[in-house]
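Data block below; observations after.
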Amino acid sequence: MIREDCRTVTLLLLDHVYRDLEEVWTHRVERHLADCAECRERHARLRETLELVDRATVEPEERISEQFAATVLAILQRRRADESRPWLRAAMAACLVLGLLAPTLRVPSLPKATAPSPPPAVVELQLVAKELNDPLLEELAWQTAKLSARVQSVGFRTSRPVS
């Protein structure tokens, strides 16, 4: 059965090994270790374990550290370059609006196609989405193309015919 002093010392052993205790507690733990063989054994095993961990810790090679730093720097520069183009989001929004409005424009001289193709603005939006490798933007472009095809297939027109 573990005594109350043993429980207290067991809780303080790690701090004692790392010399992280106040002086009063350090003396108390050391006095207990001098009297208690079981806690002395725990203390010795803890020190051995920590020494093994310290020996097993490997510092990364300088070459690996340099490669890691270069990779992180490249990622940060790419993000900064993306953030320095605020006009890109506005251009994509304009393409989306044009893509939605383009099918509603009536061009009387052109015959109706059997398989409607997406308007150029939608195609441009799809290309930009793929170039940026942005899944959300790709989904938006796909949905816009689908909506555009549907609008074209039902022949929905908002503009009035010219009299």
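At the far end of the sequence shown sits residue 447, using our numbering, and the numbering has no gaps.
For glycine and all other residues, C-beta sits at the position ideal for the given N, C-alpha and C.
Contact between the region 401 to 416 and the region 375 to 383 is present: 3 or more CB-CB pairs across the two stretches fall below 8 Å. Closest by C-alpha distance to Trp309, out of Pro387, Asp289 and Arg326, is Asp289. If you ignore the 5 residues before and after Gln427, its C-beta comes within less than 6 Å of no other C-beta in its own chain. The closest CA to that of His316, considering only Leu431, Leu295 and Val435, is found on Leu295. Put simply, the backbone Cα of Leu385 is about 49 Å away from that of Gln351. DSSP, read as helix, strand or coil, puts Leu389 in coil. Between the region 323 to 330 and the region 297 to 306, the count of Cβ pairs shorter than 8 Å is three or higher; the stretches touch.
In the DSSP annotation of this structure, the continuous segment of the alpha helix (DSSP H) that includes Thr292 starts and ends at Glu288 to Val301. Sixteen is the threshold: when 16 or more other Cβ atoms of the shown chains lie within 10 Å of the Cβ of Ala405, as they do, the residue is buried. In this model, Glu332 and Glu322 are separated by some 16 Å (Cα to Cα). DSSP, read as helix, strand or coil, puts Thr355 in helix. By the C-beta density criterion, Leu336 is exposed, having fewer than 16 other C-beta atoms within 10 angstroms. Under the three-state reduction of DSSP, Thr341 is assigned to coil, being neither helix nor strand.
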